[in-house]
Structure formats: C-alpha cells, structure tokens
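Chains as they are written, first to last, in our numbering: chain A, 2 to 87; chain B, 14 to 405. Backbone N, C-alpha and C fix where the C-beta goes; we use that ideal spot for every residue, glycine too. Let me begin by presenting the structure, written as structure tokens, before commenting on it.
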Amino acid sequence: MTTPELAFVAEFARGLPEECRQVFTLRKVYGYTGREIAGRLGIPEHIVEAHLVHAARQCAYAASDAADRESGPSFLSRARSRIAHR
Amino acid sequence: MSTASDIEEQAAAWLVRREAPDFTVQEQEAFEAWLAADSRHRAAYVRLETAWRRADRLSRLRPLDGRVHEDLLARSPFVRIDIEEFPARAKTRGNGEWAVDADALAQEEGREPAEAGQASEPRRRSRVLMFAAAAAIALVAIAAGIWFAVTRTGWQEYATEYGGFERVLLDDGSVVHLNTNSVMRVHMTRELREVVLERGEALFKVAHDPTRPFDVQAAGTRVRAVGTEFSVRVHEAAEMPGGQKGVEVLVREGRVAIDPPPPKPNQPAALPRSVPTLSAGEAVTVTAKRVRVQKVAEADVSRKLSWVEGRLWFERQRLADVVAEFNRYNRRQMVIADPAIADLRIGGGFEATDPDSFIAALERTLGVRAFPASPDEGGPDVIRLVGTEETP
Numbered sequence: 002m003t004t005p006e007l008a009f010v011a012e013f014a015r016g017l018p019e020e021c022r023q024v025f026t027l028r029k030v031y032g033y034t035g036r037e038i039a040g041r042l043g044i045p046e047h048i049v050e051a052h053l054v055h056a057a058r059q060c061a062y063a064a065s066d067a068a069d070r071e072s073g074p075s076f077l078s079r080a081r082s083r084i085a086h087r
Numbered sequence: 014m015s016t017a018s019d020i021e022e023q024a025a026a027w028l029v030r031r032e033a034p035d036f037t038v039q040e041q042e043a044f045e046a047w048l049a050a051d052s053r054h055r056a057a058y059v060r061l062e063t064a065w066r067r068a069d070r071l072s073r074l075r076p077l078d079g080r081v082h083e084d085l086l087a088r089s090p091f092v093r094i095d096i097e098e099f100p101a102r103a104k105t106r107g108n109g110e111w112a113v114d115a116d117a118l119a120q121e122e123g124r125e126p127a128e129a130g131q132a133s134e135p136r137r138r139s140r141v142l143m144f145a146a147a148a149a150i151a152l153v154a155i156a157a158g159i160w161f162a163v164t165r166t167g168w169q170e171y172a173t174e175y176g177g178f179e180r181v182l183l184d185d186g187s188v189v190h191l192n193t194n195s196v197m198r199v200h201m202t203r204e205l206r207e208v209v210l211e212r213g214e215a216l217f218k219v220a221h222d223p224t225r226p227f228d229v230q231a232a233g234t235r236v237r238a239v240g241t242e243f244s245v246r247v248h249e250a251a252e253m254p255g256g257q258k259g260v261e262v263l264v265r266e267g268r269v270a271i272d273p274p275p276p277k278p279n280q281p282a283a284l285p286r287s288v289p290t291l292s293a294g295e296a297v298t299v300t301a302k303r304v305r306v307q308k309v310a311e312a313d314v315s316r317k318l319s320w321v322e323g324r325l326w327f328e329r330q331r332l333a334d335v336v337a338e339f340n341r342y343n344r345r346q347m348v349i350a351d352p353a354i355a356d357l358r359i360g361g362g363f364e365a366t367d368p369d370s371f372i373a374a375l376e377r378t379l380g381v382r383a384f385p386a387s388p389d390e391g392g393p394d395v396i397r398l399v400g401t402e403e404t405p
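Okay, structure coming up:
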C-alpha cells in the first residue's frame with residue numbers, strides 16, 4: 002500500500018460519526034475484537050457490528066472516490082457516491 | 014430482487030461477521046451460499062473487502078507509548094514528515110525542539126524534502142511518509158530521549174541516550190523495554206519477527222505467535238522465542254573479563270533457543286556449539302570463546318531486571334562492578350582512583366540516573382570520598398572515588 006492510500010484511509014475515518022470512528026479506530030489501529038471494543042466503549046456488541054458495517058461501506062465509497070480523482074469519475078461511482086451521501 | 018444498496022449492506026455485514034473470533038463453520042457455509050446465489054454478491058463483497066483490507070495499514074499509526082486513544086484519527090490534519098530525517102535532525106537540533114504539536118508540523122507540510130534535508134548526505138534521499146496524530150506522539154517520544162527511523166528496507170530503528178529508557182510497543186503486540194544507551198532495529202514480516210540489538214540492553218515481552226518466531230540477534234548470537242519474556246544485553250569488549258565482546262541472555266518466563274555465533278575458521282570450536290534451549294530462571298553468557306549457562310534465583314532475576322523501573326539493585330557486589338553499572342546510565346563517569354576500595358561490597362537499591370545519592374551513601378556508610386577530576390584526569394564529568402586514607 003502506498004503512502005497516499007494511508008492518508009486517504011485516515012482522511013475518510015475523520016468523516017465518520019464520532020462513535021463509529023472510535024469503533025473503527027479501535028479495530029483498525031489497535032486490532033481490538035468486537036467484544037473488546039464493546040467493553041471499552043460501554044456499548045452493546047451488536048452496535049459495534051453496526052458501526053463496523055457502516056464504516057466498511059463508507060470506506061469502499063471513499064476508495065472509489067479516491068480512484069475517481071485519479072482517472073475521472075465513472076458513471077457507476079458517481080451513482081454510488083450519491084447513495085453514500087444521501 | 015435486492016437493490017445494490019441492500020447487497021452492499023449484506024456484503025458489509027458478512028465482512029464484519031467473518032472477522033469475529035466466534036465465526037462458525039455454519040456461518041461460513043451460509044456465507045459461501047450467499048456468495049454463490051448472485052454474481053453481484055461476490056462483486057460487492059470483493060470491493061468492500063479490498064477497501065477494508067487497505068484500512069488495516071492504519072495499525073502503523075499505533076503510538077509507540079502503548080496507550081490506546083480511541084480518538085486518534087479524529088485529531089489534527091495529516092502532516093507530511095520525512096521519517097528518515099528523524100535521526101539526523103533529532104541529533105543535530107537536540108531533543109527538546111521536537112516536542113512540537115502536529116499543527117506546527119502541518120506548516121512544514123508544503124516544504125520540499127530537499128530543503129529540510131540539506132544537511133544530510135544524498136544517500137539519505139528517502140520516502141516521504143504520511144502520518145496523522147501518531148506523528149506528534151512519535152515526536153514527543155523523541156523528546157523523551159528516543160528516535161526512530163524507517164529505512165527503505167523496512168527496518169525500524171529505536172535508540173536511547175545515556176540514562177534513557179523506552180517502552181516500545183511493536184506491531185505484533187510484543188513490548189520491548191529498551192535500557193540506557195541502546196540501539197535496536199526491528200523488521201516485521203509475515204513469516205518472522207526480527208530484532209537486532211546493536212548495543213545496550215533490552216527486555217522482550219514477546220506476544221505469543223507460534224507461526225511467526227521472534228528472533229533477536231546480538232553480537233552474532235541468535236535468540237529465538239515464540240512467546241516468552243527474556244532480556245538480552247550486549248557486553249562491549251571492555252566490559253568482559255576476557256576482553257571479548259559478548260552477549261548475556263536471561264529468561265524470566267517460558268523458553269528460548271540460543272544459537273551462538275559460528276566459530277571463526279582459525280579458532281577451535283567454542284566448547285558446546287549450541288545450547289538448545291534456555292528455561293525461565295536460566296541465563297547464558299556467550300562470547301566467541303565460550304558459552305556459559307547459569308541458574309539464576311528468582312530474586313536475582315528481579316534484581317537484574319530492576320532497570321525496567323529505573324532502579325539498580327545490588328547485593329554484595331564489588332564497588333568496581335557497581336560503579337561500572339552506574340556508568341552505563343550517566344555521562345558523568347565515576348572512576349575508582351584507589352585500588353583499596355575496589356573490592357568493597359555494596360548492597361541496596363539506587364536510582365540509575367542519580368549517582369549523587371549513591372556517592373552520598375558511599376561517603377556516609379563506607380567513608381569513601383568523591384572528588385571532581387582535574388582537567389588532565391578527565392575534567393568535571395569524571396568523579397574520582399578514593400578511600401579515607403588516601404588524599405586526592
């Protein structure tokens with residue numbers, strides 16, 4: 002993975018809602034399991050999973066947006082980002 | 014018929030579910046059935062997983078201090094830092110100037126690497142890496158007496174000054190306590206966790222991972238562990254009775270395998286060619302000439318590792334040896350200027366970086382006196398110790 006990609010991932014993380022971002026940080030920076038995250042943040046495990054699902058989707062959108070900046074948006078990715086930003 | 018958004022939601026749910034430690038065989042079967050049910054499922058899953066895996070590299074931002082900050086990614090904007098510049102600049106500018114925050118660094122962002130690196134040699138030309146809040150934390154760590162660098166080959170370097178001490182958290186979860194005046198390089202791959210202790214001493218608390226051995230190389234000796242706790246100390250030639258550079262390994266927990274350096278062609282083979290394994294409460298000293306294994310009582314293990322708390326513990330040790338130990342931690346060096354006191358026996362606990370308290374205790378209890386050395390004897394950074402009978 003090249004350096005700009007790391008920048009993009011952190012950039013995208015800052016755009017997540019606060020609790021979602023904390024869950025994402027504990028998973029991706031610190032490698033915590035869902036249960037450990039739930040324990041640390043004091044929220045139910047299924048909420049942790051929901052946050053991770055949201056983060057995963059946003060991450061994929063951010064990735065396709067980043068690809069667009071290189072090559073110009075495709076029709077498909079423009080449609081996707083409209084969904085993402087709804 | 015599912016919409017694209019539904020499929021994506023399902024794919025993301027599978028992605029997260031599959032990472033859970035309690036993901037079952039039945040769930041795996043259901044997942045495979047879901048993948049096979051519709052070609053769009055696989056496409057959505059692959060796209061999400063690719064992006065999600067890229068995010069794994071965020072573990073690189075994990076702070077060196079081992080503390081967990083769940084808001085790490087919420088902080089200041091990204092800054093560009095040329096990490097290979099760290100050692101050169103940290104050395105030339107001194108440590109204090111590096112206690113800066115990320116906002117101040119962000120102002121440097123636009124600068125050309127060439128401008129920042131004027132003082133360094135051309136071969137230092139390096140990658141520019143992006144760091145977030147972790148950069149600021151790393152810089153605070155530098156201010157605390159440690160610097161690190163990532164070289165092109167992926168080796169990461171850590172170093173401490175005289176009297177310095179650092180606790181380093183490695184990517185695999187292992188913790189290294191780096192003692193005074195030490196240099197360590199680390200290289201993590203999928204197959205192997207490699208550490209080279211160039212100088213000094215370190216205590217390794219190795220995270221258990223049977224698929225990825227943890228190797229420490231020091232003065233030609235290799236110590237291999239999978240999950241255990243042990244210390245390694247490089248003895249410079251001058252410190253050793255035989256005048257040969259050597260390495261000392263002490264195991265506090267678990268077992269390690271020891272592989273001494275191969276004998277030089279013109280030398281007879283060292284006594285035992287290899288010590289297969291070393292258990293908790295055992296220590297080995299390896300030089301080019303010999304390999305010596307010793308049992309170490311539990312109390313002595315704790316005493317030998319008390320430097321982790323910044324203290325030195327001695328029990329009936331020769332003053333000459335105690336002084337040598339203090340001198341590892343301090344620029345101000347003590348010298349025994351009177352052979353009559355070299356064999357006095359010393360016990361007790363002292364702050365490693367506070368030789369003055371130690372000297373005060375010596376003066377009070379043993380009648381030893383301390384004098385600053387004259388310029389031709391080494392100047393004000395040398396303290397001469399003499400007995401009561403001796404005049405300076």
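Taking just the CA atoms, how far does residue j sit from residue i?
i: residue 385 of chain B; j: residue 339 of chain B; result: 16 Å
i: residue 387 of chain B; j: residue 28 of chain A; result: 60 Å
i: residue 198 of chain B; j: residue 190 of chain B; result: 13 Å
i: residue 43 of chain A; j: residue 29 of chain B; result: 19 Å
i: residue 312 of chain B; j: residue 395 of chain B; result: 33 Å
i: residue 38 of chain A; j: residue 343 of chain B; result: 43 Å
i: residue 319 of chain B; j: residue 181 of chain B; result: 17 Å
i: residue 124 of chain B; j: residue 252 of chain B; result: Residue placement at residue 124 of chain B cannot be trusted, given a pLDDT of 35 that sits under 50; the coordinates are not used to answer.
i: residue 99 of chain B; j: residue 169 of chain B; result: With a pLDDT of 32 at residue 99 of chain B, under the threshold of 50, the predicted position of this residue should be treated as unreliable, though the coordinate-derived value follows. Their backbone Cα atoms lie some 12 Å apart in a straight line.
i: residue 235 of chain B; j: residue 65 of chain B; result: 37 Å
i: residue 256 of chain B; j: residue 250 of chain B; result: 5 Å
i: residue 40 of chain A; j: residue 60 of chain A; result: 24 Å
i: residue 222 of chain B; j: residue 330 of chain B; result: 39 Å
i: residue 309 of chain B; j: residue 243 of chain B; result: 13 Å
i: residue 31 of chain B; j: residue 266 of chain B; result: 34 Å
i: residue 315 of chain B; j: residue 294 of chain B; result: 10 Å
i: residue 33 of chain A; j: residue 66 of chain A; result: 28 Å
i: residue 85 of chain A; j: residue 34 of chain B; result: Low confidence applies to residue 85 of chain A: its pLDDT is 49, below 50, so where it sits in the model is not reliable, and the reading given next is rough at best. Computed Cα separation, rounded: 29 Å.
i: residue 204 of chain B; j: residue 224 of chain B; result: 7 Å
Residues bridged to residue i by DSSP?
i: residue 234 of chain B; result: B/231
i: residue 26 of chain A; result: Partner(s): none; residue 26 of chain A has no beta bridge.
i: residue 454 of chain B; result: The requested residue 454 of chain B is not part of the displayed model; chain B covers only 14 to 405.
i: residue 272 of chain B; result: B/235
i: residue 65 of chain B; result: Its beta-bridge partners do not exist; DSSP assigns none.
i: residue 382 of chain B; result: B/399
i: residue 245 of chain B; result: B/215, B/262
Please compile the residues from chain B whose C-beta is within a distance smaller than 9 Å of the C-beta of residue i.
i: residue 50 of chain A; result: 26, 29, 30, 33
i: residue 39 of chain A; result: Here the premise fails: no neighbours, minimum Cβ distance about 12 Å.
Residue i touches chain B at which residues, Cβ-Cβ below 7 Å?
i: residue 35 of chain A; result: 33
Please list the partners that residue i has in chain B, where partner means a Cβ-to-Cβ separation under 8 Å.
i: residue 21 of chain A; result: The premise fails here: residue 21 of chain A is roughly 11 Å from chain B at the closest Cβ pair, so nothing lies under 8 Å.
Closer than 6 Å by C-beta to residue i: which residues in its own chain qualify, once you throw out the five before and the five after it? Chain order, please.
i: residue 24 of chain B; result: 57, 58, 61
i: residue 323 of chain B; result: 365
i: residue 44 of chain B; result: 27
i: residue 260 of chain B; result: 231, 232, 234, 247, 299
i: residue 237 of chain B; result: 226, 228, 270
i: residue 362 of chain B; result: 324, 326
i: residue 307 of chain B; result: 296
i: residue 196 of chain B; result: 172, 211, 212
Considering only residues of the same chain and omitting the five flanking positions on each side of residue i, which have a CB-CB separation below 8 Å?
i: residue 25 of chain A; result: 14, 17, 52, 53, 56
i: residue 21 of chain A; result: 52, 55, 56
i: residue 12 of chain A; result: 63
i: residue 193 of chain B; result: 173, 174, 175, 176, 177, 178, 213, 214, 320, 341, 342, 365
i: residue 376 of chain B; result: 382, 383
i: residue 187 of chain B; result: 206, 217, 218, 219, 220, 227
i: residue 355 of chain B; result: 331, 332, 333, 349
i: residue 370 of chain B; result: 363, 364
Along chain A, which residues have their Cβ under 9 Å away from the Cβ of residue i?
i: residue 22 of chain B; result: 54, 58
i: residue 84 of chain B; result: 19, 22, 23, 26
By the criterion of Cβ-Cβ separation under 8 Å, what are the contact partners of residue i in chain A?
i: residue 72 of chain B; result: 29, 30, 31, 32
i: residue 81 of chain B; result: 27, 31, 41
In chain A, which residues lie with their C-beta within 7 Å of the C-beta of residue i?
i: residue 87 of chain B; result: 15, 22
Beta-carbon within less than 7 Å of residue i's beta-carbon, same chain only, minus the 5 sequence neighbours each way: which residues are those?
i: residue 292 of chain B; result: 264, 268
i: residue 35 of chain A; result: 46, 49, 50
i: residue 15 of chain B; result: none
i: residue 347 of chain B; result: 336, 339, 340, 368, 396, 398
i: residue 200 of chain B; result: 167, 168, 207
Taking only beta-carbon atoms, is residue i less than 8 Å away from chain D?
i: residue 178 of chain B; result: Considering every chain present, this structure includes no chain D. Its protein chains are A and B.
Measuring from the CB of residue i, is there a heavy atom of the ligand GTP at a distance below 7 Å?
i: residue 201 of chain B; result: This structure does not include the ligand GTP; it has no bound ligands of any sort.
- Message: By the 8 Å beta-carbon criterion, what residues does the segment 54-69 of chain B contribute toward chain A?
- Response: Answer set for the segment 54-69 of chain B: 60, 61, 63, 64, 65, 67, 68, 69.
- Query: If you measure beta-carbon to beta-carbon, which residues of the segment 343-376 of chain B are closer than 7 Å to chain A?
  - Reply: From the segment 343-376 of chain B, no residue has a Cβ closer than 7 Å to chain A.
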